[in-house]
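Student: One structure, pasted below without further comment.
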Amino acid sequence: MSLLEVSDLRVSFRTADGEVQAVRGVSFDLEPGRTLGIVGESGSGKSVCTQTLLGLTTGAKVTGSARFEGEDLLTMTEDELCSVRGARIAAIFQDPLSSLHPLYRVGWQIVEMIQAHEPVSRAVARRRAIDLLGSVGIPHPAQRIDDYPHQFSGGMRQRALIAMALALEPKLVIADEPTTALDATVQAQILDLLLRLQQEHGMALIMITHDLGVIAGLADEVMVMYAGRAAERADRRGLYYRAHHPYTNGLLESIPASSGAGARLRPIPGQPPSLIRLPSGCAFHPRCAFAMDRCRTEQPELAVVEESPRHTSACWLPPDLLGTNEQVKEDRRAASAAGRGGVVEEGAA
Amino acid sequence: MLRFLLRRLLSGVLVLWLISVFTFGLFFVAPGDVPRLICGRLCTQTQINLITKQLGLDQPILTQYWHFLDRLFHGDLGYSYYNSESVNTLIGQALPVTISLAIGAAVLWLVGGVSIGVISAVKPRSLLDRAGTILALIGLSMPSFLIGILLLYFLFFLLTTHGMDWFPPSGYVPITSDPVEWAHHLVMPWCALAFITAATYIRLTRNQMLEVLGEDYIRTARSKGISRRRVTIRHALRAALTPVVTQFGIDLATLLGGAIVTEQIFGLPGLGRLAVTSVVRQDQPVVIATVLLAAVFIVLANIVVDLLYAVLDPRVRLT
Ligand SMILES: Nc1ncnc2c1ncn2[C@@H]1O[C@H](COP(=O)(O)OP(=O)(O)OP(=O)(O)O)[C@@H](O)[C@H]1O
Ligand SMILES: [Mg+2]
């Protein structure tokens, strides 16, 4: 049985300008101990999608289901959710500088988390917190535990947050761009740490990022998101070498060659669409170099492009055009030209 | 820390000195013939001269000021021009009244204002939030004498005419002689004062809470699996409270200097009333004493608030 099975998750917010459709039908599943990477430009719904699982998106309209160990997270009461949060699913957020409460000592904040879920004494919880801080690589944890967050560097704060997330040995950790706010060397250390801890504890990981380099290093599977939907899903190799969706290929090509896969994305030309007034058909078609007539009117669903391993893409281009070599690009252009302008006979190819 | 205290105390003393000079000077600039005021219209010139001499008003202003300072440093604020009571005694009588009024009202408005503010912020745009906002608007826009008079009318007048004299209309009973009567007499003034002041606290708390609730660390707290209540109080309110505490310190100190309007309406013989009567009668020693005392409260409150700030927020360093 999968650890987490999300199906047709939809999340929208009512705002003064209209309904923001942040997530529009996302499905994925995750096996115990595996890592799912979620990539996409800013505003594509990565954070909303995962925070909804923990019931952290207040005021949102949510439909679909998210079964975690067989129970639907989306229909849980607040009390039931509280027993899941932290203990069975833990989260690490983007900005370590602002994610710890500035007025409480770091140790207090970890102890609070332990005591919220386990009937242990303060002293025991505190000893565990010290051990945890040590295991995430904070020097002299017995002394640093009584520091306030502002006395920690950014990297140390993220380590403390990771220690907190692991305090109760959760089955799943959601890391939402855990390294974006940190500088490059610290980024690498934090990622190493996460990977090592994941292997030690055998937990599943959802890693959200802008950075394809991060995914390359640690994800088993990758989901590319665009405007609240999954554009493509593949295992790591499939995504890097045999990407199907023009958006995924755009992301891959926008990595500057000189700095390799570790660089941040240089965005694809054009702006992400408004989530209030979405484009018709495929949301990506206004920015797509291969847009066909059909893309303007019909929204593609995820469909298998490669049988093994399972690799799906939501794009109307022929399923066998994978990767980015010159021949494939040529074929794509031809396919898109055929699908454009004139009357296209169904099944003419 | 020590340097901070020293610096703040020194500048506080400087402020107090300037205020004393200013208040003192005002009496010589403002028109008004004190000896004639004291003596009445039928006084002869000899009587007036005598009074002038007795009060020391014939001496040059600098000499008078010097005498004032000299007495002040010996803990003596002089004597009222009108009755031979010492100013120390007058203040000693009025201060407990004002303190009783201020502290009771402060507790009410702090507890009331902060809780309504928190409830409003937790459920924005709910019925409760709207009620709180309207309450705050009324409190902010209603002059304090009006709410006092309304309370008097409804709680005292209406109830009394219907044979239920639950609340005394005015007066003060010292807590030392009868604590129950003390509170009984103060209930209405407390409510009046708390009502108008609470409005500020509702708005301040609500705005602070709304801001804090959007912070990343609140999301972290929620993701830890602690109860919503604990997130609201231990995490959000704790962070939202710092500016509220600052405001509270200053407001309380201002009130300790005398709640002029409330004391007038409810006939409480506190510092505010003492100040008003002595200003009207140009009773210079009493005026200066009340003004200086009010200033001392404000100066001290500012120092205490800054100290508290450092206690409440570990990021603040006192320099
Ligand atoms: N509470 C909310 N009310 C209204 N709109 C919201 C709310 N929360 C998120 N959104 C919108 O939902 C969309 C998706 O946001 P989300 O934070 O999931 O993006 P993201 O993919 O995580 O981007 P980033 O990489 O910048 O973190 C955005 O357009 C955002 O403006
Ligand atoms: Mg995000």
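Protein sequence lines correspond, in order, to chains A and B. Counting in our numbering, the first sequence runs from 1446 upward without gaps. Counting in our numbering, the second sequence runs from 3 upward without gaps. Every residue, glycine too, gets a C-beta built ideally from N, C-alpha and C.
#1: What does the Cβ neighbour count give for D285/B, buried or exposed, with the cut at 16 atoms within 10 Å?
#2: In chain order, which alpha helix (DSSP H) runs of at least 4 residues are fully inside the region 223-288 of chain B?
#3: Label S1541/A either buried or exposed according to how many other C-beta atoms from any shown protein chain fall within 10 Å of its C-beta, with 16 as the threshold for buried.
#4: Which residue marks the beginning of the alpha helix (DSSP H) containing L1617/A, and which one marks its end?
#5: With a threshold of 6 Å (Cβ to nearest heavy atom), would E1544/A be considered close to ligand 2?
#6: For S1598/A, verify whether its CB is less than 6 Å away from any heavy atom of ligand 1.
#7: Using a Cβ distance threshold of 8 Å, determine whether the region 1522-1540 of chain A contacts the region 1605-1617 of chain A, with at least three qualifying pairs required.
#8: I'd like to know if the region 210-221 of chain B and the region 240-251 of chain B are in contact, where contact means that at least 3 CB-CB pairs between them fall below 8 Å.
#9: Quick one: what's E1464/A bridged to in DSSP?
#10: Whose C-beta lies closer than 6 Å to the C-beta of A1587/A among residues of the same chain, with five residues either side of it excluded?
#11: Closer than 6 Å by C-beta to L1498/A: which residues in its own chain qualify, once you throw out the five before and the five after it? Chain order, please.
#12: Which of the residues in the region 223-234 of chain B, read from start to end, lie with their CB under 9 Å from any CB of chain A?
#13: For ligand 1, is there a heavy atom less than 6 Å away from the beta-carbon of K1491/A?
#14: Is S1452/A helix, strand or coil when you go by DSSP?
#15: Consider the C-beta atom of V1669/A and the heavy atoms of ligand 4; say whether any pair is separated by less than 6 Å.
#16: Do the CB positions of P37/B and I50/B come within less than 7 Å of each other?
#17: Under a three-way DSSP split, which group does V1669/A fall into?
#18: Quick one: is G1705/A near chain B, going by C-beta distance under 7 Å?
#19: Closer than 7 Å by beta-carbon distance: list the chain A residues that pair up with F240/B, in chain order.
#20: Can you give me the start and stop residues for the beta strand (DSSP E) that L1480/A sits inside?
#21: Assuming the contact rule is C-beta atoms closer than 8 Å, R1530/A and G216/B should be a hit. Round their C-beta distance to whole Å, please.
#22: Examine chain B for any beta-carbon lying closer than 7 Å to the beta-carbon of S1492/A, and answer yes or no.
#23: Say whether chain B places a C-beta atom closer than 7 Å to the C-beta of D1680/A.
#24: Tell me the DSSP secondary structure of A1433/A in three-state form.
#25: Note down, in chain order, every chain A residue with its Cβ under 7 Å from the Cβ of D218/B.
#26: Considering only C-alpha positions, which residue in the set E1516/A, V1493/A, E1514/A is nearest to K1506/A?
#27: Beta carbon of C1733/A, beta carbon of P1691/A: below 7 Å?
#28: If you draw a straight line from the alpha carbon of D1776/A to that of Y1686/A, how long is it in whole angstroms?
#29: Specify the secondary structure class of L1747/A as computed by DSSP and reduced to three states.
#30: Helix, strand or coil: which one does DSSP assign to R317/B?
#31: Please determine whether the Cβ atom of A1467/A lies at a distance below 6 Å from any heavy atom of ligand 1.
#32: When the Cβ atoms of the region 1471-1483 of chain A are set against those of the region 1662-1677 of chain A, are three or more pairs found closer than 8 Å?
#33: Whose Cβ in chain A lies nearer than 7 Å to the Cβ of R221/B?
#34: Going by CA-CA distance only, name the one from V1631/A, R1641/A, Q1744/A that's closest to Y1671/A.
#35: Within 8 Å, do at least three Cβ pairs link the region 132-141 of chain B to the region 229-238 of chain B?
#36: Per DSSP, which residues does M1652/A bridge with? Please list them.
Tutor: Taking the geometry as given:
#1: Start at 1 with the first residue of the second sequence, and residue 285/B comes out as number 283. Flag for D285/B reads buried.
#2: 240-258, 262-267, 273-282
#3: As a position in the first sequence, residue 1541/A is number 96, starting the count at 1. A small fix is needed here, since residue 1541/A is Pro in this sequence, not Ser. Classification of P1541/A: buried, given that the 10 Å Cβ count is 16 or more.
#4: The sequence position of residue 1617/A within the first sequence is 172, counting from 1. Where L1617/A is concerned, there is no enclosing alpha helix (DSSP H), although the beta strand (DSSP E) it sits in stretches over 1617-1621.
#5: Residue mapping note: residue 1544/A aligns to position 99 of the first sequence, counting from 1. The question names Glu, but residue 1544/A is Ser in the sequence shown. With a threshold of 6 Å, the Cβ atom of S1544/A does not count as near ligand 2, since no heavy atom of the ligand is closer than that.
#6: In the first sequence, the residue the question calls residue 1598/A occupies position 153. No, Cβ of S1598/A sits at least 6 Å from all heavy atoms of ligand 1.
#7: yes
#8: yes
#9: Within the first sequence, residue 1464/A is the residue found at index 19, counting from 1. DSSP lists R1459/A as partners of E1464/A.
#10: The residue you call residue 1587/A lines up with position 142 of the first sequence. Hits under 6 Å: I1575.
#11: Sequence index remark: in the first sequence, residue 1498/A carries index 53 (1-based). Same-chain partners within the cutoff: A1511, L1518.
#12: So the list reads A223, R224, S225, K226, G227, I228, S229, R230, R232, given in the order they occur along the chain.
#13: What you label residue 1491/A is simply residue 46 of the first sequence in a count that begins at 1. Flag set: Cβ of K1491/A near ligand 1.
#14: In the first sequence, counting from the first residue as 1, residue 1452/A sits at position 7. Looking at S1452/A - three-state DSSP - the assignment turns out to be strand.
#15: This structure lacks ligand 4; the ligands present are ligand 1 and ligand 2.
#16: Position 35 of the second sequence, counted from the first residue, corresponds to residue 37/B. Position 48 of the second sequence, counted from the first residue, corresponds to residue 50/B. In contact: P37/B and I50/B (Cβ atoms closer than 7 Å).
#17: Here residue 1669/A refers to the residue found at position 224 of the first sequence. In the structure shown, V1669/A sits in a strand (DSSP, three-state: E or B).
#18: In the first sequence, residue 1705/A corresponds to position 260, counting from 1. Low confidence applies here, because G1705/A scores a pLDDT of 49, under 50, leaving its location unreliable and the question unanswered by this model.
#19: For the purposes of this step, residue 240/B is taken as residue 238 along the second sequence, with counting starting at 1. What sits at residue 240/B in the sequence shown is Arg, not Phe. Those are L1548, listed as they occur along chain A.
#20: Walking along the first sequence from the start, residue 1480/A turns up at place 35. Just to set this straight, residue 1480/A is Thr in the shown sequence, not Leu. It spans 1480-1484 - the beta strand (DSSP E) in which T1480/A sits, taken as one unbroken run.
#21: Numbered from its first residue, the first sequence carries residue 1530/A at position 85. Numbered from its first residue, the second sequence carries residue 216/B at position 214. Incorrect: roughly 19 Å between the Cβ atoms, too far for contact.
#22: On the first sequence, position 47 is the one that residue 1492/A refers to. No, no contact with chain B.
#23: Residue numbering aside, residue 1680/A sits at position 235 when the first sequence is read from its first letter. Contacts with chain B at 7 Å (Cβ-Cβ) do not include D1680/A.
#24: Chain A is shown from 1446 up to 1794; residue 1433/A falls before or after that span and cannot be answered.
#25: Counting from one through the second sequence, the residue named residue 218/B turns up at place 216. Neighbourhood of D218/B in chain A, by CB distance below 7 Å: F1538, D1540, S1543, S1544, in chain order.
#26: Taking the first sequence and counting its residues from 1, one reaches residue 1506/A at position 61. The shortest C-alpha separation from K1506/A is found at V1493/A.
#27: Position 288 of the first sequence holds residue 1733/A. Position 246 of the first sequence holds residue 1691/A. Yes, these two residues count as a Cβ contact at 7 Å.
#28: What you label residue 1776/A is simply residue 331 of the first sequence in a count that begins at 1. What you label residue 1686/A is simply residue 241 of the first sequence in a count that begins at 1. Between D1776/A and Y1686/A, the C-alpha separation is close to 17 Å.
#29: Stepping through the first sequence from its first residue, residue 1747/A is reached at position 302. In the structure shown, L1747/A falls within a coil segment according to DSSP collapsed to helix, strand and coil.
#30: In the second sequence, the residue the question calls residue 317/B occupies position 315. Residue state for R317/B is assigned as coil, using DSSP reduced to three classes.
#31: As a working mapping, residue 1467/A is identified with position 22 in the first sequence. Yes.
#32: yes
#33: In the second sequence, residue 221/B corresponds to position 219, counting from 1. Simply L1501, F1538.
#34: The residue you call residue 1671/A lines up with position 226 of the first sequence. In this structure, Q1744/A is the residue among V1631/A, R1641/A, Q1744/A with its C-alpha nearest to the C-alpha of Y1671/A.
#35: no
#36: Position 207 of the first sequence holds residue 1652/A. M1652/A pairs with G1482/A, A1620/A.
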